[in-house]
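Each remark here refers to the structure printed beneath this line.
In the working numbering, the protein residues as written are 4 to 75.
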């Protein structure tokens with residue numbers, strides 16, 4: 004029978020494991036993108052980053068019908 008203290012190796016292991024779980028959960032929540040009608044949509048900022056375009060160019064593409072878009 005071992006006395007569990009804050010400084011015990013076992014307790015440190017458990018705390019570290021819980022901290023990793025919390026970090027993973029927070030990352031998942033930040034990146035969560037709910038589906039709408041079975042599809043996932045990107046924000047203009049995400050699309051600009053993916054296509055390496057400025058927001059102005061992306062808007063020009065929308066205005067000129069180069070790419071389809073919907074406004075939610």
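Heads up, the beta-carbon is just placed ideally off N, CA and C, and yes, glycines get one too. Since this is a predicted model, take the numbers as computed values, not measurements.
Annotation: residue 25 to residue 12 spans about 20 angstroms, alpha carbon to alpha carbon. By a beta-carbon distance limit of 8 angstroms, residue 44 contacts residue 75. Their separation comes to about 7 angstroms. If you draw a straight line from the Cα of residue 72 to the Cα of residue 34, it is about 22 angstroms long. In the DSSP annotation of this structure, the continuous segment of the alpha helix (DSSP H) that includes residue 60 starts and ends at 58 to 66.
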